Amino acid sequence: MNSSISVLLILLLGLHLISAASAHPGEADDVLKIHTLSETSPFQDCLSFSYYHQKCPDAEAIINRKLKEWFQKDYTLAASLIRLHFHDCSVRGCDGSVLLDHEGSERRAEVSKTLRGFEVIDDIKAEIEKKCPRTMSCADILTAAARDATVFVGGPYWAVEYGRKDGLVSLAKEAESVPIGHEEITSMIEFFQSKGLNVVDLAILSGAHTIGRASCGSIQQRIFNYSGTAGKADPSIDPKYLNFLKRKCRWASELVDLDATTPKTFDAVYYTNLPKKMGLLSSDAKLYSDPRTAPLVNALAYQPSLFLYQFGVSMAKLGNVQVLTGPHEGEIRTKCNFVNSHK
Ligand code: HEM
Ligand SMILES: *[C@@H]1O[C@H](CO)[C@@H](O)[C@H](O)[C@H]1NC(C)=O
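Here is the structure:
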């Protein structure tokens, strides 16, 4: 890339950082905070930081305590909860619809088959119901869990806004729109745009692949049957890495780290892997081969602190996608797997 363009980009991202930082939740200057947040919010909504301050003051503490118990037993759940929140927000907005477990629901769709962490959310919900019955939505619990999971694996903290209601509808067919790793950049940009998220959010949120794992089924075509030619591999994979993947991925059900270099830490190494031809998913690799996103990858690889900060900003945006907040929208589920029975 032209170096003057890259310097410009870093400067631009830096400016964005400064303006966003001055609006960081928890800052004293409330006027400035509200001003900039409404700019970064994709929709006009009624979420608020203080939503549960009176109704359920211990909510965040309960969620955090429960999560720590789960993560100490199985730290891989942290990545899975971050992904679960993304899939929830990707279909009908962040409304807990991915949690509903009935025939034909999103959760039963093919693209959802490796989603994990449902039992964690159920466990938290049961505890919250004891302390604050019929008060906190499953969508809000999942949003808070994704934030706490990020912090747990070494990522940034951001203040979460609350007040989402749980949706009543969940359709497997609609889950098919969620990207699964073979997509072209254009369709990913369009998908994000349809949620009010831009190309910077795409580049930043893809950085979640700095932790967690994929099942080998997600990349077998890429390493064994590239563009439908048996035995062929995507030439854009580093030869050593390809060797490793071929040995590792003989079975579709095997799991492989999304970040081959520092799989257990939330850092910007995901971005430095990409120029080294070590992106696991084809969609990861394409972020570096496309001129619309390559400059962002370079800037983020070059400035890890920018990634860490901006990840919180983009996650807060993700958590605001198409939320249900109106008085007659959605409900507060008592169990996250089922809608309440309506007489
Ligand atoms: C940009 C489009 C995206 C595509 C194409 C994509 C695709 C994928 C795929 C194919 C997997 C592996 C699934 C499997 O084989 O089991 C995965 C895992 C994961 N994704 Fe994404 N993803 C995208 C965006 C995101 C976003 C926005 C987030 C969160 C902010 C995210 C977080 C994760 C995490 C943490 C994992 C690991 C899950 C685990 O270890 O259980 N992804 N993603
Ligand atoms: C290889 O790809 C082609 C075209 O996508 C497909 O028809 C074929 O079943 C694939 N072969 C294997 C072994 O997956």
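If you count by mature numbering (1 follows the signal peptide of the UniProt record, and there is no 0), then the sequence shown holds residues -23 to -1, 1 to 320, one letter each, in order. By construction, the Cβ of each residue, glycine as well, lies at the ideal position given by its N, Cα and C atoms. What you are looking at is a predicted structure, and each value in this text was computed from that prediction instead of being measured.
Closer than 7 Å: residue i CB and nearest ligand 1 heavy atom
i: residue 318; result: no
i: residue 165; result: yes
i: residue 91; result: yes
i: residue 48; result: no
i: residue 63; result: yes
i: residue 101; result: no
i: residue 120; result: no
i: residue 185; result: yes
i: residue 270; result: no
i: residue 303; result: no
i: residue 160; result: yes
i: residue 262; result: no
i: residue 60; result: yes
i: residue 133; result: no
i: residue 190; result: yes
i: residue 86; result: no
i: residue 194; result: yes
i: residue 57; result: yes
i: residue 283; result: no
i: residue 214; result: no
i: residue 53; result: yes
i: residue 179; result: yes
Cut-off 8 Å between Cβ atoms - residues of its own chain near residue i, not counting five sequence neighbours on either side
i: residue 232; result: 190, 191, 192 and 193
i: residue 43; result: 97, 100, 101 and 104
i: residue 184; result: 245, 247, 248, 277, 284 and 288
i: residue 16; result: Caution applies to residue 16, whose pLDDT of 45 falls short of 50 and renders its modelled position unreliable; the model cannot decide the point.
i: residue 8; result: Because residue 8 carries a pLDDT of 38, less than 50, the predicted location of this residue cannot be relied on, and no value is offered for it.
i: residue 252; result: 265, 274, 275 and 278
i: residue 269; result: 162, 166 and 176
i: residue 51; result: none
8 Å Cβ cutoff met for residue i and residue j
i: residue 83; j: residue 151; result: yes
i: residue 238; j: residue 250; result: yes
i: residue 309; j: residue 90; result: no
i: residue 188; j: residue 222; result: no
i: residue 264; j: residue 180; result: yes
i: residue 298; j: residue 173; result: yes
i: residue 75; j: residue 54; result: no
i: residue 255; j: residue 279; result: no
i: residue 311; j: residue 161; result: no
i: residue 215; j: residue 203; result: no
i: residue 78; j: residue 71; result: no
i: residue 165; j: residue 260; result: yes
i: residue 125; j: residue 186; result: no
CB-CB length for residue i against residue j, believed under 8 Å
i: residue 58; j: residue 182; result: So it is not a contact: roughly 15 Å between Cβ atoms.
i: residue 213; j: residue 266; result: 7 Å
i: residue 155; j: residue 69; result: At roughly 11 Å, the Cβ-Cβ gap does not stay under 8 Å, so residue 155 and residue 69 are not in contact.
i: residue 40; j: residue 122; result: 6 Å
i: residue 23; j: residue 140; result: 6 Å
i: residue 136; j: residue 26; result: 6 Å
i: residue 112; j: residue 226; result: At roughly 45 Å, the Cβ-Cβ gap does not stay under 8 Å, so residue 112 and residue 226 are not in contact.
i: residue 229; j: residue 153; result: Not confirmed; about 19 Å, so no contact.
i: residue 73; j: residue 148; result: With 8 Å as the limit, residue 73 and residue 148 do not qualify as a contact, their Cβ atoms being about 14 Å apart.
i: residue 169; j: residue 175; result: 7 Å
i: residue 157; j: residue 114; result: Not a contact, Cβ separation roughly 27 Å.
i: residue 48; j: residue 129; result: 5 Å
Ligand 2 heavy atom lying under 7 Å from the CB of residue i
i: residue 202; result: yes
i: residue 205; result: yes
Beta-carbon proximity list for residue i, same chain, < 7 Å, skipping 5 on both sides
i: residue 273; result: 177 and 180
i: residue 133; result: 127, 285, 286, 288 and 289
i: residue 291; result: 178, 181 and 182
i: residue 118; result: 40, 98, 101, 102 and 105
Beta-carbon proximity list for residue i, same chain, < 6 Å, skipping 5 on both sides
i: residue 234; result: 190 and 240
i: residue 209; result: 203
i: residue 29; result: 36 and 139
i: residue 159; result: 259
i: residue 12; result: Caution applies to residue 12, whose pLDDT of 40 falls short of 50 and renders its modelled position unreliable; the value that the coordinates give is listed next. None.
i: residue 316; result: 145
i: residue 293; result: 135
i: residue 109; result: 33
i: residue 67; result: 155
Closer than 7 Å: residue i CB and nearest ligand 4 heavy atom
i: residue 275; result: Although ligand 4 was asked about, the structure shown includes only ligand 1 and ligand 2 as ligands.
Checklist entry - At which residue ranges does the region 146 to 190 contain complete alpha helix (DSSP H) runs of 4 or more residues, listed in the order of the chain? => result Within the region 146 to 190, the complete alpha helix (DSSP H) segments of 4 residues or longer fall at 149 to 152, 162 to 170 and 176 to 183, listed in chain order.
Discussion item. Which complete alpha helix (DSSP H) runs does the region 27 to 71 hold, if anything under 4 residues is left out?
Written reply: The qualifying runs are 36 to 50 and 53 to 67.
request  = Give, in chain order, every unbroken run of the alpha helix (DSSP H) that is at least 4 residues long and sits entirely within the region 245 to 303.
outcome  = Correct list: 246 to 250, 259 to 266, 271 to 279 and 281 to 295.
### Task
Ignoring anything shorter than 4 residues or poking outside the region 70 to 120, list the alpha helix (DSSP H) runs there in chain order.
Assignment of alpha helix (DSSP H) within the region 70 to 120, counting only whole runs of 4 or more residues, yields 95 to 108 in chain order.
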